[in-house]
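Going by numbering that gives the first Met the number 0, the first residue of the sequence shown is number 0, and it counts up by one from there.
As structure tokens, the structure follows; a few thoughts come after it.
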Amino acid sequence: MADTRHTKVLIIGSGPAGYTAGIYAARAMLEPVLVQGMEPGGQLTMTTEVENFPGFVEVQGPDLMTKMQEHAQATGCEIVSDVITALDLSQRPFRASGDSGTTYTADAVILATGARAKWLGLPSEEKFKGHGVSACATCDGFFYRGEEIVVVGGGNTAVEEALFLTKFASKVTLIHRRDELRAEKVLQERLFRNPKIEPLWFHTLEEVLGTEDPLAVTGVKVRNVNTGEVTEIPCKGVFIAIGHAPASELVADQLETHMGGYVKVEPGSTRTSVPGVFAAGDLTDHVYRQAVTSAGMGCMAALDAEAFLAAEGIG
Ligand SMILES: Cc1cc2nc3c(=O)[nH]c(=O)nc-3n(C[C@H](O)[C@H](O)[C@H](O)COP(=O)(O)OP(=O)(O)OC[C@H]3O[C@@H](n4cnc5c(N)ncnc54)[C@H](O)[C@@H]3O)c2cc1C
Numbered sequence: 000m001a002d003t004r005h006t007k008v009l010i011i012g013s014g015p016a017g018y019t020a021g022i023y024a025a026r027a028m029l030e031p032v033l034v035q036g037m038e039p040g041g042q043l044t045m046t047t048e049v050e051n052f053p054g055f056v057e058v059q060g061p062d063l064m065t066k067m068q069e070h071a072q073a074t075g076c077e078i079v080s081d082v083i084t085a086l087d088l089s090q091r092p093f094r095a096s097g098d099s100g101t102t103y104t105a106d107a108v109i110l111a112t113g114a115r116a117k118w119l120g121l122p123s124e125e126k127f128k129g130h131g132v133s134a135c136a137t138c139d140g141f142f143y144r145g146e147e148i149v150v151v152g153g154g155n156t157a158v159e160e161a162l163f164l165t166k167f168a169s170k171v172t173l174i175h176r177r178d179e180l181r182a183e184k185v186l187q188e189r190l191f192r193n194p195k196i197e198p199l200w201f202h203t204l205e206e207v208l209g210t211e212d213p214l215a216v217t218g219v220k221v222r223n224v225n226t227g228e229v230t231e232i233p234c235k236g237v238f239i240a241i242g243h244a245p246a247s248e249l250v251a252d253q254l255e256t257h258m259g260g261y262v263k264v265e266p267g268s269t270r271t272s273v274p275g276v277f278a279a280g281d282l283t284d285h286v287y288r289q290a291v292t293s294a295g296m297g298c299m300a301a302l303d304a305e306a307f308l309a310a311e312g313i314g
């Protein structure tokens, strides 16, 4: 028989935003239930060293997320291994259907489903992810001091990543399939003025090349889209910068979104367009997209949910 369970606060997502919301909601005695989703621990489980989370000079991404999970559990947050497949925010209590068959009803919902970097989908890209292939210059640029790097893309993300990477790299090759960029003009000007950046027009990334043991990138194969000619570029790092997509499918037609699907929150809060529904982390953030900012927003969401429930006489 299908199982239905009620909670005051349902947290959807187990990245830094979700676990931090879990810690704060549990400590507010709201007995939250956190549904982990298909990627327990979120995006940081896909990377190796994290060197910018306060309190840790260096920590492995999966270890940091295990610690956050343990912390949330220790405070009394219930963590459930399930994936939410449908969410009804049209009436209260809100209703969420789990892939397990469980229906969750909740007085308040905290959405922390994150965002996903868009990838090219090449097998070699997948193979070297976290070992020379990255989608986050702020996170991983530091590892390429004095090295040659390639960046793939032609929009704002690619140009910003390329500019940022010149702080570390000896040379940045920007691979773009056209001969003009989609990025804002001011960014383009900065890019063209930077002597460390060399655009490679009319090329696409064909394959990431590297060693097996240890897994490490040594270069890329690129294809000229006009001539079909394939050439190799030596490099130690490959940054795929073709954009991010917020994981907002569950709520896209129920909540206000902007900037290509990011859930809109009232400035300075995590309140969405539906009272009682709060959103935190990369799901709402097309600008910073960091673990620490997501954790901060998770805290805000729990405090906002607590205030909402108190005003409703729940909690
Ligand atoms: C390769 C890489 C390296 C990075 N390195 C760093 C770094 O060094 N420092 C840094 O600060 N940031 C780094 N980042 C960025 C950082 O990982 C993100 O900013 C952060 O993880 C966002 O946290 P979040 O909680 O919003 O969401 P995410 O971490 O994206 O987690 C989303 C969660 O939602 C869950 N979910 C999604 N859909 C559903 C559903 N339908 N039902 C239930 N659950 C669902 C997923 O399972 C997942 O647990 C990196 C990102 C990548 C990709």
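The C-beta atom is built at its ideal place from N, Cα and C for all residues, glycine as well.
Note that the C-beta distance between I109 and A20 is below 8 Å. Annotation for G152: A240, I241 place their beta carbon closer than 6 Å to its own, counting only its chain and skipping 5 residues before and after. Judged by the Cβ position, I148 fails to qualify as a neighbour of ligand 1 at the 7 Å threshold, every heavy atom of the ligand being at least this far. If you check the C-beta of Q72 against ligand 1, you find no heavy atom less than 7 Å away. With a cutoff of 7 Å, E38 counts as near ligand 1, since its C-beta is closer than that to a heavy atom of the ligand. Taking 8 Å as the upper bound for CB-CB distance, L43 and G17 are not in contact here, some 12 Å apart.
Residue V291 holds the alpha-carbon nearest to the alpha-carbon of G280 among V291, P198, A215, A306.
Relative to ligand 1, even the nearest heavy atom lies 7 Å or more away from the CB of L9.
Comparing C-alpha distances from G129 to each of V250, N225, T46 shows the shortest one belongs to T46. In the structure shown, E248 falls within a coil segment according to DSSP collapsed to helix, strand and coil. Look at F238 here: in three-state DSSP terms it is strand. Taking all protein chains in view, the Cβ of F93 is crowded by 16 or more other Cβ atoms within 10 Å, so the residue is classified as buried. A residue is called buried once 16 or more other Cβ atoms fall within 10 Å of its Cβ, and D2, having fewer, is exposed. Within its own chain, the residues whose Cβ lies closer than 6 Å to the Cβ of H5, once the five positions on either side in sequence are excluded, are T104, listed in chain order.
A distance criterion of 7 Å places the beta-carbon of M45 in contact range of ligand 1, judged by its closest non-hydrogen atom. In the three-state scheme derived from DSSP, where H, G and I count as helix and E and B as strand, T256 is classed as strand. Contact between the region 145 to 165 and the region 177 to 195 is established, with three or more Cβ pairs separated by less than 8 Å. By a beta-carbon distance limit of 8 Å, A244 does not contact K126. Their separation comes to about 22 Å.
Inclusion of F52 in the 7 Å shell around ligand 1 follows from its C-beta lying nearer than that to a non-hydrogen atom of the ligand.
At least one heavy atom of ligand 1 lies less than 7 Å from the C-beta of T112.
Short of 6 Å from the beta carbon of T74, and not among the five residues preceding or following it, lie these beta carbons of its own chain, in chain order: I22, A25, R26.
Sequence-distant Cβ neighbours of T217 in its own chain, meaning closer than 7 Å and more than five residues away, are L208, G209, T210, P233. In this structure V237 is not in contact with T230, their Cβ atoms being roughly 15 Å apart against a cut-off of 8 Å.
Short of 6 Å from the beta carbon of A300, and not among the five residues preceding or following it, lie these beta carbons of its own chain, in chain order: A20, I109, T269, F277, A279. Judged by DSSP in its simplified three-state form, F93 adopts strand. Of the heavy atoms belonging to ligand 1, none sits nearer than 7 Å to the Cβ of S99.
In this structure, ligand 1 has no non-hydrogen atom nearer than 7 Å to the beta-carbon of L214. Nearest Cα to G120 within the set I11, L204, G14, G260: L204.
Annotation for D87: the continuous beta strand (DSSP E) segment containing it runs 83 to 87. Under DSSP, K128 forms a beta bridge with V132. Listed in chain order, the non-local C-beta contacts of L88 below 6 Å within the same chain comprise Q253, V273, V276, local neighbours out to five positions each way being set aside.
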